[in-house]
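To start, the structure itself, in structure tokens.
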Amino acid sequence: MPYKLQGRKVLITGGSRGLGAEIARKFAAEGSNVAINYANSEGPAQALAQELQQQYQVKTAVIKGDGGNLSDCARCVQQTIAAFGGLDIIIGNAGWTKFTDFADLSAMNEEEWNKCWSVNVLGMHALVKEAMPTFNSNPEGGVFLITSSVAGVSLSGSSMAYSVTKAAQLHLMKCLANTQGSKVRINAVLPGLLLTDWGNLYGEERINMLKDRAALKKETDLGECADALVSARPGVPAVKLSSAVHKPVFGRTQAAVQLYGYDSSHSYTHYPNPKPRHKDLQLRTSPYSPHRPNEGIAQSTMDNFNCPISQTRLRQISNDACDSALATATAYNHAQTASWNDTIINSVLKALVSESQTAAAPGSSETRYKFCVNSTIIQHLSDPRPSGTTSTASAGTSTATDTEKTAGDAAVEGEAEEELKKEVGGGGGGGESEEAASSSSSNKAAPSGPGRRGMHSASGAYWNNAKDGMWSHKYEGGEAKGMDIVIAIMWIAA
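Under UniProt numbering, the first residue of the sequence shown carries the number 1, and numbering increases by one thereafter.
As structure tokens, this is what we get:
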């Protein structure tokens, strides 16, 4: 279900000015109650709180606290809970740096390094630590989002200490996401150059240089960055600027904003969150039956098919989605495959979400699920030889026909395809091997053309064996249109 922001209780550290103030406005516009933390700027914090109350009719709180003082961080969480009667979201936006020559090892003293470490790393840990009991008691858990920086993934930034601590901050985020159970979503947004009061301290020459390095050739837009944080919540696709020009890349060409994780329920690309603890996970080792044309629909060998939707209905949903997407298709068209896959995936997801919600009535103890759908379309290249013709290769002779393909056939299909191309005239001219030239005359007489394209696809999962699972299905109507289409569905108990 979408995670609505109306009525949520949000704490924003470093929220009185710049990006923090813009984030506060975005949350208030969605109907969230906002606690604004500040360290020194009480006037701007009070003015912002009044602005949000008047413009959006939400509750606000103003809390003084140093983001590098662990007691202050804990108190900010406590006072937010006291003011609003709870806490749903924390935006860790407080940060500290000193503008120095990046390569100068003496530019910052020990106290300044410790200050950078305390605000950028330890303070974030303190916020989560204090909030975890409340997050875990919330029916929908909690959200912790960090305003990080591209300096954490590149050799850049206002100082070496800032870059190092931002890298540590990102690793803290990954560790938290990997260990704090199924009810807390943890993520980070990585802005590039922000022309706030702090950003302007770079000076015009450095600012122009940073703009030139950016993929967008401009500074990060505060509104876009704030939108990324507001959007990175459960049930909403994360804002990931990735188009022809909005492409997050590492190294010297930075996009305006990067967001770790492709979906907001994933705290990091490799660390999905919510994530079961390791002790609750079981590694599935049982194989899945390969599709065999003469056996009809492939059947899963899982001993506990625990999907909230039956296999029969999954098959029908998949077939209906393919029928609809390919209604006007007559042959494989590579330019259309992305559109076809989008249509298939969206149709399947819509049906899965609708039917699983229907099955789990509000207030019931039924487990709710998240779904992942994969659709693969491959050009279907038929063997040009008559059905039943044997294929002779240097390693031996296979007598299996297309409808009698064995596991061994599948394992060497890639090699067999190359031999087949040579035998029926599809291989290169003067580069054919002596073995290929000595293939049987019956095969040489077959019509020339490409062999059947082989493909191997495998998936592995590490999950709770009692609740989670995966199912795959080959769409039977694809071959008539020159395509092999496979739908895979994964379900994870929420």
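We treat Cβ as the ideally placed atom computed from N, Cα and C, and that holds for glycine. Note that this is a predicted model, so its numbers are computed, not measured.
- For T60, the number of other beta carbons within 10 angstroms of its own is at least 16, and it is reported as buried.
- Per DSSP, reduced to three states, the secondary structure at S71 is helical.
- Residue nearest to G95 within the set I81, A47, N109, G14 is G14 (criterion: CA-CA distance).
- The three-state reading of DSSP puts Y369 in strand, counting E and B together.
- In this structure, the beta-carbon distance from S41 to L5 does not fall below 8 Å.
- Counted as a single uninterrupted DSSP element, the alpha helix (DSSP H) harbouring F27 occupies residues 18-29.
- In the DSSP assignment, no residue is bridged to Q311.
- Burial state of S158 is buried, judged by a 10 Å Cβ sphere holding 16 or more other Cβ atoms.
- Note on Q57: under 16 other CB atoms within 10 angstroms of its CB, so exposed under the neighbour-count rule.
- Distance between T376 and G469, taken at the CA atoms: about 19 Å.
- A contact between stretches requires three or more CB pairs, one per stretch, nearer than 8 Å, and the stretch 106-118 fails this requirement with the stretch 149-157.
- Beyond the five residues adjoining it in sequence on each side, A74 comes within less than 7 Å, by CB distance, of A126, E130 in the same chain, given in chain order.
- Per DSSP, Y38 is not a residue of any alpha helix (DSSP H); the beta strand (DSSP E) it occupies stretches across 33-38.
- Exclusion of the five residues before and after G86 leaves K9 as the residues of its chain whose Cβ lies within less than 6 Å of its Cβ.
- A distance of 8 Å or more separates the beta carbons of I63 and A82.
- Taken atom to atom, the span from the alpha-carbon of P191 to that of T165 is near 15 Å.
- In summary, A351 is buried, with 16 or more beta-carbon neighbours lying within 10 Å of its beta-carbon over all protein chains present.
- Cβ contact annotation for F27 (same chain, cutoff 7 Å, sequence separation greater than five): L5, V10, V34, V230, in chain order.
- The beta-carbon separation of T147 and V184, rounded to 18 Å, does not stay under the 8 Å limit for a contact.
- Counting of Cβ neighbours within 10 angstroms places D104 among the exposed residues, the total staying below 16.
- Under a 10 Å Cβ-count criterion, Q54 is classified as exposed, with fewer than 16 other Cβ atoms of the shown protein chains found around its own Cβ.
- The alpha-carbon separation between I91 and L314 amounts to approximately 39 Å.
- Leaving aside the five residues that flank W471 on each side, the residues in its chain whose CB is nearer than 7 Å to its CB run, in chain order, S300, C307, Q311, L314, I489.
- One alpha carbon belongs to D101, the other to V486, and they sit about 55 Å apart.
- For H171, the number of other beta carbons within 10 angstroms of its own is below 16, and it is reported as exposed.
- Shown here, W96 sits in coil according to DSSP, grouped into three states, outside any helix or strand.
- For T134, the closest alpha carbon among the candidates N120, Q336, D88 is that of D88.
- Counting only residues of its own chain and dropping the five nearest sequence neighbours on each side, A329 has a CB closer than 6 Å to the CB of K481.
- For F135, the enclosing alpha helix (DSSP H) has its first and last residue at 123-137.
- Burial of A321 is indicated by the presence of at least 16 other C-beta atoms within 10 angstroms of its C-beta.
- A338 counts as exposed, since fewer than 16 other beta carbons sit within 10 angstroms of its beta carbon.
- The three-state reading of DSSP puts M490 in strand, counting E and B together.
- Counting only the Cα atoms, S71 lies some 11 Å from L122.
- Counting only the Cα atoms, G478 lies some 17 Å from A335.
- Here DSSP, grouped into helix, strand and coil, assigns M108 to coil.
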